[in-house]
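Student: Numbering of the sequence shown is given in UniProt numbering, commencing with residue 1 and proceeding in unit increments. If you scroll down you'll find the structure; I have some questions about it.
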Amino acid sequence: MTIDRKVVFAGAALLALAGCTPNDTGIGDAARANYAAQIVDPEPQHAEAMTADGSQVAGAQDRYRKGNVKKPVGVKTTSGGSGSGSGSGSSSGGN
Numbered sequence: 001m002t003i004d005r006k007v008v009f010a011g012a013a014l015l016a017l018a019g020c021t022p023n024d025t026g027i028g029d030a031a032r033a034n035y036a037a038q039i040v041d042p043e044p045q046h047a048e049a050m051t052a053d054g055s056q057v058a059g060a061q062d063r064y065r066k067g068n069v070k071k072p073v074g075v076k077t078t079s080g081g082s083g084s085g086s087g088s089g090s091s092s093g094g095n
């Protein structure tokens, strides 16, 4: 086999294999869709521009160094009971 035939054969093989490649550009979208579904609000709209106040940050760092950290306000994400399902019901077995 000469070099020219090898090149022609390789080119034909590449063209044949090119038909096996997927044309669907959505491959892998399931992982991205699952990730996006877990984000509460990916593009939140704020009423005003978010700003940083250097003196507020400096005060927080100073309180941290001195051990006078402000206790965070508790925020509940759910309401009601725990829903653990560990009730004290009894089964009606044939004893």
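We treat Cβ as the ideally placed atom computed from N, Cα and C, and that holds for glycine.
For a quick check, are the C-beta atoms of Val69 and Arg63 less than 7 Å apart?
Tutor: Reading the sequence shown from its first residue, position 69 is the one you call residue 69. Reading the sequence shown from its first residue, position 63 is the one you call residue 63. Taking 7 Å as the Cβ cut-off, Val69 and Arg63 qualify as a contacting pair.
Student: Can you give the Cα-Cα distance for Ala36 and Pro44, rounded to whole angstroms?
Tutor: One-based indexing of the sequence shown puts residue 36 at position 36. One-based indexing of the sequence shown puts residue 44 at position 44. The straight-line gap from Cα to Cα measures roughly 14 Å.
Student: In its own chain, which residues sit with a C-beta less than 8 Å from the C-beta of Ala49, not counting the 5 before and 5 after it?
Tutor: As a first step, residue 49 is located in the sequence shown; it is residue number 49 there, counting from the start. Once the five neighbours on either side are set aside, Ala49 has no close Cβ partner at all.
Student: Within its chain, find whatever has a CB closer than 7 Å to the CB of His46; leave out the 5 residues flanking it on each side and keep chain order.
Tutor: On the sequence shown, position 46 is the one that residue 46 refers to. Within the same chain, His46 has no close Cβ partners at all.
Student: Would you give the residue range spanned by the alpha helix (DSSP H) that Gly19 belongs to?
Tutor: Residue numbering aside, residue 19 sits at position 19 when the sequence shown is read from its first letter. Gly19 -> no alpha helix (DSSP H), and no H or E assigned at all.
Student: Expressed to the nearest angstrom, what Euclidean distance is found between the alpha-carbon atoms of Ala18 and Phe9?
Tutor: Reading the sequence shown from its first residue, position 18 is the one you call residue 18. Reading the sequence shown from its first residue, position 9 is the one you call residue 9. So the alpha carbons of these two residues sit roughly 14 Å apart.
Student: What is the DSSP secondary structure of Asp53, counted as helix, strand or coil?
Tutor: In the sequence shown, counting from the first residue as 1, residue 53 sits at position 53. Looking at Asp53 - three-state DSSP - the assignment turns out to be coil, as it is neither helix nor strand.
Student: According to DSSP, is Ala47 part of a helix, a strand, or is it coil?
Tutor: Indexing the sequence shown from 1 puts residue 47 at position 47. Ala47: coil per DSSP, three-state reduction.
Student: Look up Ile39 in the DSSP assignment and say whether it is helix, strand or coil.
Tutor: In the sequence shown, counting from the first residue as 1, residue 39 sits at position 39. Reduced to three states, the DSSP call for Ile39 is coil.
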